[in-house]
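Worksheet for the structure shown next.
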Amino acid sequence: MKLLKNIFNVALSNIIGFGTSFIINFLLPAILTVADYGNYREYIMYTSITYLFNYGYNDGIYIKYGGKRLEDLDPLEIRSEHNFIVVYQLCVFALMLTYSLVVKNPILALFSTVTLFDTINMYHQNFLQATGQFATFSRANISKSIFYILTLLVAIFLMRSDNYYLYIVLNILSYLFLTVFYEYRFIKNQGLNFIFSWKKHLGLFRVGFFILFANMSLTFVGLIGSWVTKWWYNIEEFAQYSFQNSVLNVILLIVNAVGMVFYNVIAKRKDQMLLNVIKRACIFLGILSGFAFFIFKWIILTFLAKYEPATTLLSVTFIAIPYIMLSRILVANIYKATVPERQYFRDSVLYAGLSFIFVAGLSFVWHDILTVAMTTTLCYICWFFYTSQIRFTYLKNNWREVLLLVSHAVCFYAVANFMPFVGGALLYLLYLAVVLFFYRDWLFEAKALLVD
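Residue numbering for the sequence shown follows numbering that gives the first Met the number 0, beginning at 0 and increasing consecutively.
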């Protein structure tokens with residue numbers, strides 16, 4: 000039951016965060032021009048790499064404390080580690096801001112600011128997740144989401160602003176709000192002192208560096224399409240691709256929530272039967288999530304007609320959801336919990352490099368954003384089959400799993416592209432009903448996992 004409670008806590012915060020995502024992904028495109036929304040999404044794309052600027056320290060914290068109880072830890076060591084990351088990130092911020100002022104780049108200055116807040120926030124988040132404090136993690140994210148939603152609503156409906164710079168500033172303020180929340184709570188619980196040692200914490204960089212860049216490589220695969228369309232396509236096409244990516248990320252909010260919780264489970268138990276149950280649960284949830292496509296398509300066609308081309312892209316990228324779930328919830332956590340950091344680093348960097356060559360190469364041959372979406376989806380599929388058939392052979396797929404994945408890809412693409420909207424939605428519901436009937440044993444397995 001504790002596992003289910005932890006998933007609920009994190010999922011709840013992400014569901015509240017859905018309100019923020021809804022406003023950003025559906026209301027902002029309606030009030031900003033396509034070009035301005037593209038500029039805004041460019042900034043958001045840059046924020047996806049803020050975690051790089053802690054150079055692995057926060058990931059080292061995550062690995063060091065993963066599965067441990069807070070009451071068993073040394074409070075002096077915790078305070079020292081916290082003080083170190085704050086001072087360190089202030090130094091990084093000073094260098095980044097100085098450079099942005101020298102080159103007179105306002106976006107870079109804004110990026111420098113959000114990087115400071117986000118890297119400090121990630122220290123707190125990694126520590127809370129590693130030590131199982133998911134209720135606190137959830138409260139913090141919910142508070143941030145409410146603050147961000149309120150400021151966005153004021154800007155949209157009261158100020159009626161169509162200046163994308165304002166929405167960038169509001170995004171930064173939400174990160175600042177979260178930093179204040181975490182720092183206030185930390186000082187209240189741990190006290191305030193200024194002890195820390197530069198040399199003592201260097202080991203966390205050594206451990207975390209490989210985890211950081213391995214995680215970055217997996218994340219980068221999902222961003223390849225955005226970078227390729229940014230470099231080689233016009234701003235309107237980039238906006239269309241970024242819009243579909245942001246819609247897809249609404250679903251992935253829940254994926255990230257579950258992935259956070261399962262690291263502790265996998266690190267503690269390392270049970271191959273359990274891992275296969277998690278695998279089947281991910282496949283099942285990914286296929287069920289496909290119905291959200293029809294909801295999003297209705298919203299886009301009804302209220303955001305200028306983004307209708309994005310629905311074709313979504314009909315391809317939604318096929319990848321089961322594989323993204325498997326990658327983030329299962330495969331990444333198995334690597335972090337059971338495989339040496341250097342091996343995780345080598346595999347993930349090779350995967351990211353080959354994916355970039357594949358996506359960029361075929362996009363160069365067929366200059367079409369649909370090609371970008373298709374090749375990105377194929378990358379996720381190939382990664383899953385590599386990790387399940389070659390790297391972790393105890394995850395080998397049986398004929399039922401392969402049949403379900405193949406039938407899902409064929410059925411979903413067909414009903415999403417070649418059927419009328421209502422007819423396609425009904426046929427997909429029928430497909431889900433058939434799957435639920437023939438794979439009902441998977442439901443019982445998942446239930447047993449959650450309540451154990």
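Note that beta-carbon positions come from the ideal geometry of N, C-alpha and C, so glycine has one too.
I need the straight-line Cα distance from residue i to residue j, nearest angstrom please.
i: F417; j: V102; result: 50 Å
i: I368; j: A238; result: 11 Å
i: N396; j: L247; result: 26 Å
i: N170; j: Y147; result: 7 Å
i: L94; j: N104; result: 14 Å
i: C90; j: R341; result: 28 Å
i: Q271; j: L284; result: 20 Å
i: N332; j: L325; result: 10 Å
i: T32; j: A372; result: 23 Å
i: K296; j: V249; result: 13 Å
i: R327; j: S142; result: 25 Å
i: N53; j: I282; result: 33 Å
i: P321; j: Y412; result: 14 Å
i: K187; j: R78; result: 12 Å
i: T421; j: F25; result: According to the sequence displayed, residue 421 carries Val and not Thr. Straight-line Cα distance between these residues: approximately 22 Å.
i: L273; j: A408; result: 26 Å
i: I323; j: N192; result: 42 Å
i: I299; j: S314; result: 13 Å
i: G55; j: S288; result: 33 Å
i: G190; j: T97; result: 32 Å
i: I15; j: Y39; result: 22 Å
So for residue i, helix, strand or coil by DSSP?
i: V168; result: helix
i: I48; result: coil
i: N397; result: coil
i: S160; result: coil
i: E182; result: helix
i: K296; result: helix
i: R68; result: coil
i: Y232; result: coil
i: Q128; result: helix
i: H366; result: coil
i: D73; result: coil
i: I194; result: coil
i: P339; result: coil
i: T32; result: coil
i: L303; result: coil
i: Y54; result: coil
i: P105; result: helix
i: I289; result: Here the sequence assigns Gly to residue 289, which means Ile is not the residue at that position. If DSSP states are grouped into helix, strand and coil, G289 belongs with coil.
i: Y412; result: helix
i: D117; result: helix
i: D346; result: helix
i: Y174; result: helix
i: P321; result: helix
i: Y147; result: helix
Output needed for residue i: all residues of its chain with C-beta closer than 7 Å, excluding positions within five of it in sequence on either side, in chain order.
i: P28; result: Y36, F242, L303, Y306
i: I106; result: Y42
i: E444; result: V276, R279
i: A139; result: L177, F180, Y181
i: V364; result: none
i: V344; result: In the sequence on display, residue 344 carries Phe and not Val. F209, F212, A213, listed in sequence order.
With the cut-off set at 8 Å, would you say residue i and residue j are in Cβ contact?
i: F293; j: A424; result: yes
i: G207; j: G59; result: yes
i: T130; j: R184; result: no
i: L462; j: T150; result: A question about residue 462 goes unanswered here, because the residues of the chain that appear run from 0 up to 451.
i: T376; j: I318; result: yes
i: K63; j: L203; result: yes
i: I265; j: F355; result: no
i: D161; j: I30; result: yes
i: F290; j: L431; result: yes
i: T386; j: V330; result: yes
i: L404; j: V414; result: no
i: I234; j: A108; result: no
i: C499; j: F391; result: Past the boundaries of the shown model lies residue 499; the chain is included only from 0 to 451, so the question cannot be answered.
Using C-beta distances below 6 Å, list every residue in its chain close to residue i, excluding the 5 sequence neighbours before and after it, in chain order.
i: Y350; result: W382
i: N214; result: none
i: F110; result: Y45
i: A309; result: Q239, F242, Q243
i: Y61; result: N125, A129
i: T135; result: L127
i: L361; result: T370, T374
i: W441; result: R279, F283
i: I380; result: Y322
Can you give me the Cβ contacts of residue i inside the same chain, cut-off strictly under 8 Å, excluding the 5 residues immediately before and after it?
i: I119; result: I84, V85, Q88, T178, Y181, E182
i: T316; result: Q243, N244, L247, A372, T375, T376
i: V453; result: An answer regarding residue 453 cannot be provided, because it is not within the stretch 0 to 451 covered by the chain.
Query raised in the report: Hey, is the stretch 42-52 in contact with the stretch 199-219, meaning 3+ C-beta pairs nearer than 8 Å?
Result: Output reads yes: the stretch 199-219 touches the stretch 42-52.
**Report entry** At least three beta-carbon pairs within less than 8 Å, the stretch 117-130 to the stretch 149-166
**Finding:** No, because fewer than three Cβ pairs between the stretch 117-130 and the stretch 149-166 fall closer than 8 Å, the two stretches do not touch.
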